[in-house]
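Participant: Quick note: the sequence shown uses the numbering used here, first residue 39, plus one each step.
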Amino acid sequence: MGTAYNNYHVDMANVKTDASGAFSYSTKIPSDWGGVHDIYIVKDGVAAGHGGVQVSRTFTMSPKSGPIGTPITVTYTGLGPKLYAAGSALIYDNHFAGEMMARWSRGTATATILASGKVGKHFIQANEAISFSYLNVLQSPVPYANSGQGVFTITKDNGAFKPYAKYPKKVTPTVNQRTTLSSVDLDPATTATASLSVDNGPIGTKSKFSVSGLTSTGTHQIVWATVVGNRVNCTGTCWIYNSVPLATVEVTGSTISQEITVPDHLGGWHVVQLKKGNAVEAQTLFYVKESIMKFYDKNGKVIGEGLAKADNSGSAAAFAAGGAGKPTNTFKENEEFTISIKGVGWTQFDNTLAVTYDNSYIGYGCGFNSNGYLVVHLRATGGVGTHIIDLRPLLYTQQPSFANTPYGMTPVLTSENDFAGLAAGYQIPQFHFAINVVK
Numbered sequence: 039m040g041t042a043y044n045n046y047h048v049d050m051a052n053v054k055t056d057a058s059g060a061f062s063y064s065t066k067i068p069s070d071w072g073g074v075h076d077i078y079i080v081k082d083g084v085a086a087g088h089g090g091v092q093v094s095r096t097f098t099m100s101p102k103s104g105p106i107g108t109p110i111t112v113t114y115t116g117l118g119p120k121l122y123a124a125g126s127a128l129i130y131d132n133h134f135a136g137e138m139m140a141r142w143s144r145g146t147a148t149a150t151i152l153a154s155g156k157v158g159k160h161f162i163q164a165n166e167a168i169s170f171s172y173l174n175v176l177q178s179p180v181p182y183a184n185s186g187q188g189v190f191t192i193t194k195d196n197g198a199f200k201p202y203a204k205y206p207k208k209v210t211p212t213v214n215q216r217t218t219l220s221s222v223d224l225d226p227a228t229t230a231t232a233s234l235s236v237d238n239g240p241i242g243t244k245s246k247f248s249v250s251g252l253t254s255t256g257t258h259q260i261v262w263a264t265v266v267g268n269r270v271n272c273t274g275t276c277w278i279y280n281s282v283p284l285a286t287v288e289v290t291g292s293t294i295s296q297e298i299t300v301p302d303h304l305g306g307w308h309v310v311q312l313k314k315g316n317a318v319e320a321q322t323l324f325y326v327k328e329s330i331m332k333f334y335d336k337n338g339k340v341i342g343e344g345l346a347k348a349d350n351s352g353s354a355a356a357f358a359a360g361g362a363g364k365p366t367n368t369f370k371e372n373e374e375f376t377i378s379i380k381g382v383g384w385t386q387f388d389n390t391l392a393v394t395y396d397n398s399y400i401g402y403g404c405g406f407n408s409n410g411y412l413v414v415h416l417r418a419t420g421g422v423g424t425h426i427i428d429l430r431p432l433l434y435t436q437q438p439s440f441a442n443t444p445y446g447m448t449p450v451l452t453s454e455n456d457f458a459g460l461a462a463g464y465q466i467p468q469f470h471f472a473i474n475v476v477k
């Protein structure tokens with residue numbers, strides 16, 4: 039972890055001087071990093087002149103009005119590659135909504151937040167920040183890192199919308215390593231290969247597991263490779279590897295095919311293995327996506343998604359449910375309620391989700407110790423009307439802690455296209471909920 043970048047030169051144009059050695063050239067500043075850029079006049083590989091340009095920041099937002107829950111896209115350009123210029127804090131009515139990053143998008147940070155609050159005007163501002171706003175930038179070593187602001191007008195309250203998850207853009211991972219995938223216990227003589235008809239999805243996904251090229255016969259186990267543990271009071275490896283049995287198959291030839299169901303467990307990268315005894319004969323990857331938990335009645339009908347009243351009865355059933363009670367999206371003022379998510383992971387990328395209430399960051403929840411089942415407890419505050427709750431990715435930098443990991447433990451508003459987990463193939467969504475608060 040940490041920051042890294044390389045400087046390089048870009049040819050802008052070929053120019054021809056007049057008899058006096060002068061020339062004139064006009065261009066627009068390209069979409070690029072903010073800060074100072076050197077410009078050189080080069081002849082025969084040698085710099086013959088040197089100037090520069092200061093690239094400032096710009097702020098735009100769209101739309102500028104709409105009802106509660108309207109997605110507002112904020113674009114903040116001119117961020118830099120260095121530590122103190124790489125990030126921004128987004129402020130909504132003087133509340134910290136989260137951080138924006140532009141390391142992977144060459145200085146342009148794009149984030150979407152949902153309009154929240156009462157009908158009327160609301161102030162949105164992007165500030166220079168390492169996670170949180172640097173409020174005296176003019177006196178700082180980076181005085182050019184200007185903030186930007188805009189006003190959004192909420193026109194009406196249409197009531198609570200249906201919860202939804204927004205997954206990041208699909209990008210090609212640059213890191214090949216995957217958790218739980220290793221050569222440990224792999225049969226050195228095996229040449230078998232495994233595949234899945236579906237290799238990603240939420241818990242409960244069904245997929246056909248196929249293996250070809252088998253040389254072993256007899257009874258085999260199909261198992262799900264995962265881990266158990268937590269990151270509390272942790273100074274080293276905070277978990278142990280574990281396997282969940284999925285099926286038993288009898289191998290009589292060189293191939294097998296068996297439908298499996300992704301278990302209700304941790305999210306992220308997992309491996310499906312075919313084992314004979316303790317020897318792994320073939321294995322392949324599956325990525326478990328985080329998802330909003332559905333509530334069902336006794337007939338299997340969906341009666342709610344994510345939101346529920348809090349059950350603090352102390353019963354065994356309430357404890358097993360993380361304190362989530364009867365599903366609903368309507369609560370009395372100051373009433374305690376819960377939001378339930380499934381498939382939360384265990385790495386620094388996906389073991390936690392940051393929670394904002396009406397665009398104000400209030401804390402985070404972790405699903406590692408509870409095997410991927412995350413239930414956060416909140417209060418229905420802010421007065422009668424519709425209120426917005428968002429759960430977003432964050433970079434967990436607590437335990438075990440690593441040196442030089444800035445921008446940790448806060449909501450990453452730009453996680454759709456600028457988040458460290460994307461490089462390792464993680465697809466961590468942003469979750470959006472709305473509640474009705476009544477007297």
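Ideal Cβ positions, reconstructed from N, Cα and C, are used throughout, including at glycine.
Pick from Gln386, Val310 and Ser250: whose alpha carbon is nearest that of Thr322?
Facilitator: It is Val310 whose Cα lies nearest to the Cα of Thr322.
Participant: Given 8 Å as the limit, is there contact between the region 159–173 and the region 185–195, that is, 3 or more CB pairs closer than that?
Facilitator: Contact holds: three or more Cβ-Cβ distances are below 8 Å.
Participant: Hey, how far is the Cα of Gly363 from the Cα of Val93?
Facilitator: Answer to the nearest angstrom: the Cα atoms are 53 Å apart.
Participant: DSSP on Val175, reduced to helix/strand/coil?
Facilitator: Correct three-state label for Val175: helix.
Participant: By DSSP's criteria, Cys404 is part of a beta bridge. Which residues make up the other side?
Facilitator: In DSSP, Cys404 forms a bridge with Thr390.
Participant: Take the Cβ of Glu17 as the centre, count every other Cβ of all protein chains shown within 10 Å, and call the residue buried at 16 or more, exposed below.
Facilitator: Only positions 39 to 477 of the chain appear in this structure, which leaves residue 17 out of reach.
Participant: Below 9 Å between beta carbons: does that hold for Thr212 and Glu454?
Facilitator: Result no, Cβ atoms of Thr212 and Glu454 do not sit closer than 9 Å.
Participant: Rounded to whole angstroms, what's the CA-CA distance from Pro240 to His303? Just pull it up for me.
Facilitator: The alpha-carbon atoms of Pro240 and His303 are separated by roughly 10 Å.
Participant: By DSSP, does Phe471 sit in helix, in strand, or in coil?
Facilitator: Here Phe471 sits in strand by DSSP.
Participant: Quick check on this structure: which residue in Ala60, Trp277, Ser245 and Ser62 has the alpha carbon closest to the alpha carbon of Phe324?
Facilitator: Nearest of Ala60, Trp277, Ser245 and Ser62 to Phe324, Cα basis: Ser245.
Participant: Does Phe357 come out as helix, strand or coil in the three-state DSSP assignment?
Facilitator: The answer is helix: DSSP assigns Phe357 an H, G or I state.
Participant: Going by CA-CA distance only, name the one from Pro444, Lys339, Lys314 and Phe387 that's closest to Asp225.
Facilitator: It is Lys314 whose Cα lies nearest to the Cα of Asp225.
Participant: Relative to the C-alpha of Ser126, which residue among Gly463, Asn474, Gly446 and Phe471 is closest?
Facilitator: Measuring from the Cα of Ser126, the nearest candidate turns out to be Gly446.
Participant: Quick check on Ser100 - is its C-beta less than 9 Å from some C-beta in chain D?
Facilitator: The chain inventory of the structure shown lacks chain D, comprising one protein chain alone.
Participant: Which whole-angstrom value is the C-beta distance of Leu345 and Ile473, which I expect to be below 8 Å?
Facilitator: That pair is a contact at about 6 Å.
Participant: Which one or two residues does DSSP pair with Gly89 in a beta bridge?
Facilitator: The partner list for Gly89 (beta bridge, DSSP) reads Ile77.
Participant: In three-state DSSP terms, what is Tyr182?
Facilitator: Correct three-state label for Tyr182: coil.
Participant: Quick one: any contact between the region 103–113 and the region 410–420, if contact means 3 or more CB pairs under 8 Å?
Facilitator: The region 103–113 is not in contact with the region 410–420.
Participant: Check each candidate in Gly89, Val261, Leu176 and Gly90 and name the one with the smallest Cα separation from Ala317.
Facilitator: When each option's Cα is compared against that of Ala317, the closest is Val261.
Participant: In whole angstroms, what separates the C-alpha of Gly87 from that of Tyr78?
Facilitator: The straight-line gap from Cα to Cα measures roughly 6 Å.
Participant: Locate the beta strand (DSSP E) running through Gln321, then write down its first and last residues.
Facilitator: Run containing Gln321: Ala317 to Val326, per the beta strand (DSSP E) assignment.
Participant: For Thr193, which residues from the same chain have a beta carbon less than 8 Å from its beta carbon, with the 5 sequence-adjacent residues on both sides left out?
Facilitator: These residues qualify, in order along the chain: Ser103, Gly104, Pro105 and Val157.
Participant: Just to confirm my understanding: we take Thr96, look at its own chain, exclude 5 residues before and 5 after, and list those with CB closer than 7 Å. What are they?
Facilitator: Excluding positions up to five away in sequence, the list reads Thr115, Gly116 and Gly186.
Participant: Can you check DSSP and say which residues form a bridge with Thr452?
Facilitator: DSSP, once it has assigned bridges, lists no residue as partnering Thr452.
Participant: In terms of alpha-carbon separation, which member of Met331, Lys336, Glu166 and Tyr399 lies closest to Tyr182?
Facilitator: Among Met331, Lys336, Glu166 and Tyr399, the Cα nearest to that of Tyr182 belongs to Glu166.
Participant: Using the beta-carbon count (16 or more within 10 Å), is Tyr434 buried or exposed?
Facilitator: Buried, because 16 or more other Cβ atoms sit within 10 Å of the Cβ of Tyr434.
Participant: If you follow the beta strand (DSSP E) that Ala263 is in, where does it begin and where does it stop?
Facilitator: Counting along the chain, the beta strand (DSSP E) containing Ala263 begins and ends at Gly256 to Gly267.
Participant: Return the chain-ordered list of same chain residues with a C-beta closer than 7 Å to the C-beta of Thr146, the five sequence neighbours on each side being excluded.
Facilitator: For Thr146, where only same-chain residues beyond five positions count, the Cβ hits under 7 Å are Ser69, Thr113, Thr115 and Ala140.
Participant: What separation, rounded to the nearest whole angstrom, lies between the Cα atoms of Asn214 and Val326?
Facilitator: Looking at the two C-alpha atoms, the distance is approximately 17 Å.
Participant: Roughly how many angstroms lie between the CA atoms of Thr255 and Thr290, to the nearest whole one?
Facilitator: Cα-Cα distance, rounded: 6 Å.
Participant: Taking the alpha carbon of Leu429 as the reference point, which residue from Leu284, Lys380 and Asn52 has its own alpha carbon closest?
Facilitator: The candidate whose alpha carbon is nearest that of Leu429 is Lys380.
Participant: Per DSSP, which residues does Thr113 bridge with? Please list them.
Facilitator: For Thr113, which the question treats as bridged, DSSP gives the partners Thr98 and Thr148.
Participant: Is DSSP giving Leu121 helix, strand or coil here?
Facilitator: Leu121 falls in the helix class under three-state DSSP.
Participant: Considering only the beta carbon of each residue, do Ala123 and Gly59 sit closer than 9 Å?
Facilitator: Going by C-beta atoms, Ala123 is not nearer than 9 Å to Gly59.
Participant: Over what stretch of residues does the beta strand (DSSP E) that includes Tyr202 continue unbroken?
Facilitator: Residues Tyr202 to Lys204.
Participant: Note the first and the last residue of the continuous beta strand (DSSP E) segment covering Asp428.
Facilitator: Per DSSP, Asp428 belongs to the beta strand (DSSP E) from Gly423 to Pro431.
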